[in-house]
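Protein chains: 2
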Amino acid sequence: MTDDQLNLIFKALSDSTRRRIIEYLSKQSAQSLFELCAASVASDGVALSRQTVSQHLAVLEKAGLIETTWKGRTKAHSLSVTDGHIEAASWLMEFRKDGPKT
Amino acid sequence: MTDDQLNLIFKALSDSTRRRIIEYLSKQSAQSLFELCAASVASDGVALSRQTVSQHLAVLEKAGLIETTWKGRTKAHSLSVTDGHIEAASWLMEFRKDGPKT
DNA sequence: TTGACATGCAGTAAACTTACAGCATATTAG
DNA sequence: CTAATATGCTGTAAGTTTACTGCATGTCAA
Chain A
1 MTDDQLNLIF
11 KALSDSTRRR
21 IIEYLSKQSA
31 QSLFELCAAS
41 VASDGVALSR
51 QTVSQHLAVL
61 EKAGLIETTW
71 KGRTKAHSLS
81 VTDGHIEAAS
91 WLMEFRKDGP
101 KT
Chain B
103 MTDDQLNLIF
113 KALSDSTRRR
123 IIEYLSKQSA
133 QSLFELCAAS
143 VASDGVALSR
153 QTVSQHLAVL
163 EKAGLIETTW
173 KGRTKAHSLS
183 VTDGHIEAAS
193 WLMEFRKDGP
203 KT
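Line order of the protein sequences matches chains A and B. For the first sequence, position 28 matches number 28 in the numbering used here, and the numbering has no gaps at all. Start counting at 1 in the second sequence, then tack on 102, and there's your number in the numbering used here.
This is the structure:
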């Protein structure tokens, strides 16, 4: 796990909007950009432009947290939380007050 | 755990310099600003100004990851990774590919 | 009390982030 | 083919971040 990967993963997780997008995708996989905009309004009452959601998706994709596949003219976004991500997110464990896994 | 706390914690962890500071403090507790500047040069050969390190420490403190105590004219910085932080860092676990804790 | 030391505060410049609008491109329905 | 739809690309504006310099404040030693 490189420093850059850790940077990307933690940065991706450091925004509430992006964490909400992860939650939407965990509830229903393979959602399009429009569906995610709709999910934001429906679940949290927050209206976001397509461009805004698109940028957040790009950040999540750069961190490898989502995968995309094209179905005709729609791009389906799905969660892809791997063991590598879990390992990265566990980085802090080692510095726990009374040592790791106490 | 509020959204703001998660933001602060993940943001604090999303910078390699700050993660290095955490590592320095894990190797030796209660270090001053100058000692941390020296540790950066000694351990990684990276020279950082005091002000730069001070700002990073402020971000870490805002996330509750370090505690400080004054000893005369020096401010001692120590790691303070609580169960709350571990819980926050574990936020992603729930979205693991095959469900949590598989 | 004075000088050296440790830190804090203000200000700056470049880069990045986050939100948006507008236009372009590509695909599907009719 | 044409219109509607879904996304991508470019640009913009405000705010934040990251690095720094310089000056001010507070504390300890001589």
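Ideal Cβ positions, reconstructed from N, Cα and C, are used throughout, including at glycine.
Query, Result
"By the DSSP assignment, the beta strand (DSSP E) with B/A114 in it spans what residues?", "That residue, B/A114, is in no beta strand (DSSP E); its alpha helix (DSSP H) goes D105 to L115."
"Ordered along the chain, which non-local residues of its own chain (more than five positions away) have a Cβ less than 8 Å from that of A/L36?", "I21, Y24, L25, V53, L57 and H77"
"Hey, quick one: how far does the alpha helix (DSSP H) through B/A160 stretch, first residue to last?", "R152 to K164"
"Less than 8 Å between the C-beta atoms of A/S80 and A/I66, yes or no?", "yes"
"I need the straight-line Cα distance from A/W91 to A/T68, nearest angstrom please.", "27 Å"
"Can you tell me where the alpha helix (DSSP H) holding B/T119 begins and where it ends?", "S118 to K129"
"DSSP puts A/E87 in a beta bridge; with which residues?", "The partner list for A/E87 (beta bridge, DSSP) is empty, contrary to what the question assumes."
"Would you kindly work out how many angstroms separate the C-alpha atoms of A/A38 and B/A149, rounded to a whole number?", "48 Å"
"Roughly how far, in whole angstroms, is the beta-carbon of B/N109 from the beta-carbon of A/S29, given that I think they are within contact range, below 8 Å?", "With a Cβ gap of about 26 Å, B/N109 and A/S29 do not count as contacting."
"Find the residues of chain B that neighbour A/R96, judging by a C-beta separation of less than 7 Å, and give them in chain order.", "V183 and I188"
"Around the Cβ of A/V41, are there at least 16 other Cβ atoms within 10 angstroms (buried) or fewer (exposed)?", "exposed"
"Which residues in chain A have a C-beta closer than 9 Å to the C-beta of B/I168? List them in chain order.", "The premise fails here: B/I168 is roughly 10 Å from chain A at the closest Cβ pair, so nothing lies under 9 Å."
"I want to verify the contact list: residues of chain B whose CB lies under 8 Å from the CB of A/M93, in sequence order.", "I188 and A191"
"Helix, strand or coil, according to DSSP, for A/A76 in the structure here?", "strand"
"Candidates A/L13, A/I9, A/A89 and A/G72: which alpha carbon is nearest B/D106's?", "A/L13"
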